[in-house]
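Here the structure is laid out as structure tokens; the discussion comes afterwards.
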Amino acid sequence: MRPAFEGWKVVYVSTFDTHASELSSERLRTLPDATRFQKWALVRAAMRALVVVAQERPDAIVTTGSAPMLMLILFGRLFGARTLWIDSIAQSEEMSLSGRIARYVAHKCVVQWPSVTRHKSVEYWGSVIG
Amino acid sequence: MIFVSVGSHLPFDRLVQAVDEWASKNPQADVFMQIGSGSYVPKHAAWTRILPIETYRARLAECDLFIAHVGIGSILQALQAGKRMVLLPRLSRFGEHTSDHQLHTAHRFASNPAIAIAETEADLGRLVSQSVSLGDYASSLSAHASENLLQGVTTFLAQSRERPMTDPDSPVGVALIHPIDPRGRKVGGIETFIRDYIALRPANMQLLLIGVDGFGDLPLGKVTSLKVRGRDVDFFPVMRVPDDVESVPTGSVLKAVIPRLFLSVLRYYFPIKKILSAGKYSLDLRRMELAPLATLFRVPSVQMLHDGATKDKAMSSLIKKFWFVKQMAESYSVKHSGTFYCVNDDLTDRLRREYPKHKNKIKTLPTWANPQIFQVAEYEFDLQVNVFYAGRLDLFKRPDLMFRTIAALKRKRSDVAFHYIGDGNPDDFPEYDEIRDITTRHGRLSSEELARLFRRMHVGILTSDFEGMPRVVMEGLMMGRPFACLHLPQLEKVIKDGVSGYLVERTAGHVEEHADRLHDLYERMRDGRIQPETVSTYVEPFSAVNLLGRLWGDHVALQARWRERRSPGLS
Chain A
326 MRPAFEGWKV
336 VYVSTFDTHA
346 SELSSERLRT
356 LPDATRFQKW
366 ALVRAAMRAL
376 VVVAQERPDA
386 IVTTGSAPML
396 MLILFGRLFG
406 ARTLWIDSIA
416 QSEEMSLSGR
426 IARYVAHKCV
436 VQWPSVTRHK
446 SVEYWGSVIG
Chain B
47 MIFVSVGSHL
57 PFDRLVQAVD
67 EWASKNPQAD
77 VFMQIGSGSY
87 VPKHAAWTRI
97 LPIETYRARL
107 AECDLFIAHV
117 GIGSILQALQ
127 AGKRMVLLPR
137 LSRFGEHTSD
147 HQLHTAHRFA
157 SNPAIAIAET
167 EADLGRLVSQ
177 SVSLGDYASS
187 LSAHASENLL
197 QGVTTFLAQS
207 RERPMTDPDS
217 PVGVALIHPI
227 DPRGRKVGGI
237 ETFIRDYIAL
247 RPANMQLLLI
257 GVDGFGDLPL
267 GKVTSLKVRG
277 RDVDFFPVMR
287 VPDDVESVPT
297 GSVLKAVIPR
307 LFLSVLRYYF
317 PIKKILSAGK
327 YSLDLRRMEL
337 APLATLFRVP
347 SVQMLHDGAT
357 KDKAMSSLIK
367 KFWFVKQMAE
377 SYSVKHSGTF
387 YCVNDDLTDR
397 LRREYPKHKN
407 KIKTLPTWAN
417 PQIFQVAEYE
427 FDLQVNVFYA
437 GRLDLFKRPD
447 LMFRTIAALK
457 RKRSDVAFHY
467 IGDGNPDDFP
477 EYDEIRDITT
487 RHGRLSSEEL
497 ARLFRRMHVG
507 ILTSDFEGMP
517 RVVMEGLMMG
527 RPFACLHLPQ
537 LEKVIKDGVS
547 GYLVERTAGH
557 VEEHADRLHD
567 LYERMRDGRI
577 QPETVSTYVE
587 PFSAVNLLGR
597 LWGDHVALQA
607 RWRERRSPGL
617 S
């Protein structure tokens, strides 16, 4: 996806800090991982997402998801960022629950399989594996 | 080696147990598992909870077979590594994932010859035994997203840049404080910056310029409405400084312009405060020494740092003597400004390192050339090679090196003419003697006059030890004139060797090399290898409206935040 970020100052947010070595010049922030089964972890992730957004003040947020990133989109929007949700490539039959929520939260919501574009306003642009 | 990973997300005991059972029946096999947070611990295989990504990659690269859940990340990495894999989908009914999407993913990848999908644990053992002897599978997987997705995201992001921060039409007040008379003729970086600022600002921006009266005809401490390049500006002069006086100080600090300006602004504290409070202004400061004014007026400020001076490099003796003032001003303005802009990435990086707490508000805003004035122009060839430089002749600009380079070029070819634009005095430098006969001194020129002169010019030269984003280079490039410069890192963005100029490394023989490059650039222009349009494309990203737009967006955002903080409960 990197070519699309050319000309922007990019901050990456991941649930793993083990990816730091793959990002040379860019900065990496982390969120604790959480699923909807882990209520407290979700709350922690949400608080962390708020901190990250408040500190970074992004102009735009692009994410391929999971629940903690939904929090990032939510708070990012409150702070005035444009937000793009790219539903996970793992979702080849229907949108993820986070993705379905993201339809109402993010400015734009796209999926990575043409067959998943059942909802109005959800588009298929292509997938992250070319 | 067989490498097993359940991903690092959720436990997947069913997979771990199934592989462990297979390992117990195949004791000769070397199995290594990353089991995440599972509660089942393998008894017949080596294992770990989680591997650092580098080790993970290494294990994956050296394994003979990869066993995993149907995680998209695991699959993509293994495909990129060219590995065969046996995958077992996580199922929601066992609480292994939130949904059964791994079944769908498995379905999509089932036709891939490198991938075997196990439906049950029993199935898994059989597939592992089958696959383990087959070896690597060469795959051709693209590491990049599809073109359409990239295009979509790029477009989406471009729209984010154009997004107005709040209502685009609500009035915004910005007060600039700088020792300048907007009617004056100074052509330095900051002066031109401020004139562009006035001329190109959006219609809803009310601009108050607190400056100096250069001609002695305006009342001090009062607003005078002026027209600059056709745009209105409220000018509030606080002291008189004749326009033809160089602003580089040579005497004592108290005679220097900035401290005098500081005190003069304070003399008119109440009238200025009244204007600022009535119009909801934020301050736009070009000099760090003025930062305390924002605190005194209790308004938010955007600070810009234009020069990259460091103590060890040659510069005016006064700045060196009062270095601690600069240091204090820097730390004060970084801490108290709303946004702090540096003119190049080097400065930004240095300040972010020195003030890690404030690194989020420190950004880069390079200077630009005004596209309305500096338009691409065809080359005009006559009897001579016109080499030019515009700017001051401060020691750090290294006029000595510049003149020696021109002299070297003069020895190489007889048709060299050197053009100096600015009010420095080349006679201060003994190196000037050798090129006096081929030099034309144009004195101080307005931007329009400079643009007219540039049409006849061919190649620009720059020898400075340090610079922000040198204005003359931006303007020259914008008109299609290539530059040969001594290397400065920020110039790498706009100067491509042989296309829009040359960057000459500081080696022992750089004067000769520099002269060769000037010569070479001219020859390339003559035979059409360098075209003005191509040169100017290198400065397009630095167009004035683009860059100023970011600055103005900051003022709007800053004022909105400031008001929120001041009046909680409102809005």
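Protein chains in written order, with my numbering: chain A, 326 to 455; chain B, 47 to 617.
The beta-carbon is built from N, C-alpha and C at its ideal position, and this holds for glycine as well.
At the level of alpha carbons, what is the spacing between residue i and residue j?
| i | j | result |
| --- | --- | --- |
| residue 494 of chain B | residue 434 of chain A | 48 Å |
| residue 603 of chain B | residue 536 of chain B | 28 Å |
| residue 103 of chain B | residue 58 of chain B | 21 Å |
| residue 506 of chain B | residue 529 of chain B | 4 Å |
| residue 295 of chain B | residue 308 of chain B | Caution is warranted here: a pLDDT of 47 is assigned to residue 295 of chain B, below 50, making its placement in the model unreliable, and the coordinate value is therefore given only provisionally. Distance between the alpha carbons of residue 295 of chain B and residue 308 of chain B: 15 Å. |
| residue 200 of chain B | residue 398 of chain A | 18 Å |
| residue 347 of chain B | residue 381 of chain A | 19 Å |
| residue 588 of chain B | residue 597 of chain B | 13 Å |
| residue 97 of chain B | residue 130 of chain B | 20 Å |
| residue 369 of chain B | residue 388 of chain B | 19 Å |
| residue 430 of chain B | residue 457 of chain B | 14 Å |
| residue 159 of chain B | residue 356 of chain A | 36 Å |
| residue 586 of chain B | residue 524 of chain B | 8 Å |
| residue 425 of chain B | residue 220 of chain B | 40 Å |
| residue 538 of chain B | residue 385 of chain B | 26 Å |
| residue 273 of chain B | residue 407 of chain A | 38 Å |
| residue 110 of chain B | residue 387 of chain A | 36 Å |
I'd like to know whether the C-beta of residue i is nearer than 9 Å to at least one C-beta of chain B.
| i | result |
| --- | --- |
| residue 398 of chain A | no |
| residue 528 of chain A | Any property of residue 528 of chain A remains undetermined from this structure, which presents chain A solely from 326 to 455. |
| residue 409 of chain A | yes |
| residue 353 of chain A | no |
| residue 446 of chain A | no |
| residue 435 of chain A | yes |
| residue 426 of chain A | no |
| residue 334 of chain A | yes |
| residue 403 of chain A | no |
For residue i, which three-state DSSP category applies?
| i | result |
| --- | --- |
| residue 92 of chain B | strand |
| residue 405 of chain B | helix |
| residue 101 of chain B | helix |
| residue 569 of chain B | helix |
| residue 432 of chain B | strand |
| residue 448 of chain A | strand |
| residue 620 of chain B | The structure shown does not extend to residue 620 of chain B, since chain B spans only 47 to 617, so no value can be given for it. |
| residue 326 of chain A | coil |
| residue 394 of chain A | helix |
| residue 339 of chain A | strand |
| residue 322 of chain B | helix |
| residue 277 of chain B | strand |
| residue 465 of chain B | strand |
| residue 221 of chain B | strand |
| residue 123 of chain B | helix |
| residue 370 of chain A | helix |
| residue 157 of chain B | coil |
| residue 360 of chain B | Its pLDDT being 47, under 50, residue 360 of chain B is placed unreliably by the model, and nothing is read from it. |
| residue 52 of chain B | coil |
| residue 350 of chain B | strand |
| residue 283 of chain B | strand |
| residue 501 of chain B | coil |
Using 10 angstroms around the beta-carbon of residue i, count the other beta-carbons present and answer buried if the total reaches 16, otherwise exposed.
| i | result |
| --- | --- |
| residue 486 of chain B | exposed |
| residue 76 of chain B | exposed |
| residue 573 of chain B | exposed |
| residue 71 of chain B | exposed |
| residue 381 of chain B | exposed |
| residue 255 of chain B | buried |
| residue 478 of chain B | buried |
Hey, is residue i's beta-carbon within less than 9 Å of any beta-carbon in chain A?
| i | result |
| --- | --- |
| residue 587 of chain B | yes |
| residue 349 of chain B | no |
| residue 471 of chain B | no |
| residue 230 of chain B | no |
| residue 536 of chain B | no |
| residue 465 of chain B | no |
| residue 163 of chain B | no |
Measure how close the beta-carbons of residue i and residue j come, nearest whole angstrom, since I'm counting them as under 8 Å.
| i | j | result |
| --- | --- | --- |
| residue 230 of chain B | residue 260 of chain B | 4 Å |
| residue 196 of chain B | residue 328 of chain A | 6 Å |
For residue i, verify whether its CB is less than 8 Å away from any heavy atom of the ligand MG.
| i | result |
| --- | --- |
| residue 322 of chain B | Among the components of this structure there are no ligands whatsoever, and the ligand MG is therefore not found. |
- Using a beta-carbon distance cut-off of less than 8 Å, what residues from the region 367 to 393 of chain A approach chain E? Given the protein chain composition of this structure (A and B), no chain E is represented.
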